[in-house]
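**Student:** Before I ask anything, let me first share the structure, which is written out below as structure tokens.
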Amino acid sequence: MDASASLLELRAVCKRYGTGAAAVDVLSGVDLTLEAGASLAVLGPSGCGKSTLLNCIGTLDRPTSGEVLLEGADWQRLAPREIARLRARRIGFVFQLHHLLPQCTVWENVLLPTLADPSAPPGPEAAERAARLLERVGLSARKNHRPGELSGGERQRAAVVRALINRPALLLADEPTGSLDAASAESLGDLLAGLNREEGVTLVVATHSAELARRMARTGRFEAGRLVLS
Ligand SMILES: Nc1ncnc2c1ncn2[C@@H]1O[C@H](COP(=O)(O)OP(=O)(O)OP(=O)(O)O)[C@@H](O)[C@H]1O
Ligand SMILES: [Mg+2]
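My numbering applies: residue 325 is where the sequence shown begins, and numbers increase by one.
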């Protein structure tokens, strides 16, 4: 880790799906620099490449070419074990459909990432953080419920807690309010903006919602496979 490096830097990131005549260039040279504590909304029509970009940043998909530096190091150069460690320790994901485990309670779901990383905070510390974050998002009274017993907004809030449990430096959220009603979407927006301010977590949020985008300090809009920042 290079202490003087930006939290996230993309250099000429390209992603092509398929080959030959069927090839589709989704990302065509994305450049981006974000310092720690930044917040960015990624906007653009369906199919423009928002999820692809988040996946390439978050080590879930590999760019066809270009560099993705997290704290100064290109994750693509790391060994698979190191990539898994980086993903578990430094990156949190919130997906459009929460992806909570249906058979587990909220409490078990949010603590799950601490089990995947043997060097994560030990039990009591993780439990204390889980309790504090659940309180912060107003879910303390729901911690023993299963996802099927929660509203859409409550599930999304649980997913945010799960994404934050290991104190990631970078939170990637892919249309986190996509399945929510206006009131739940607003409260999730409050939550993300508040966590950015209070915990300093860097946010990259792909969204179709202008409301949510307004809460981020910067906006990036896809144009012809590139991200144009404003
Ligand atoms: N695994 C894949 N193989 C082939 N094409 C893919 C694959 N994943 C995505 N694509 C294509 O890449 C393009 C970008 O998809 P992506 O999911 O990144 O869009 P998006 O901006 O997130 O859209 P939405 O707003 O609908 O979520 C689409 O045309 C999609 O069909
Ligand atoms: Mg998408």
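We put the beta carbon where it would ideally sit given N, CA and C, even for glycine. The structure presented is a predicted model; accordingly, all values stated were derived computationally and were not measured.
(1) Comparing alpha-carbon positions, which option in ALA493, LEU494, GLY513 and ASN490 lies nearest THR501?
(2) Compare the C-beta of SER328 against all C-beta atoms of chain B and say whether one is closer than 7 Å.
(3) Assign GLU478 to one of three DSSP states: helix, strand, or coil.
(4) Measure the beta-carbon distance from LEU424 to PRO471 and round it to whole angstroms, keeping in mind my assumption that it falls under 8 Å.
(5) When the distance is taken between beta carbons, is LEU495 closer than 7 Å to ALA482?
(6) Considering only DSSP beta bridges, list what ARG542 is partnered with.
(7) Which partner residues does PRO335 have in the DSSP bridge list?
(8) What three-state label does DSSP hand ARG486 in the structure shown?
(9) Can you look up LEU378 in the DSSP assignment and give me helix, strand or coil?
(10) From GLY344 to VAL350, what does the alpha carbon distance come to, in whole angstroms?
(11) So, with DSSP's three-state summary, where would you put GLU510?
**Tutor:** To lay it out plainly:
(1) GLY513
(2) Although the question refers to chain B, the structure presented lacks it and comprises just one protein chain.
(3) helix
(4) 4 Å
(5) no
(6) LEU364
(7) Residue identity differs from the one stated: residue 335 is Arg in this sequence, not Pro. Its beta-bridge partners are GLU391.
(8) helix
(9) helix
(10) 15 Å
(11) helix
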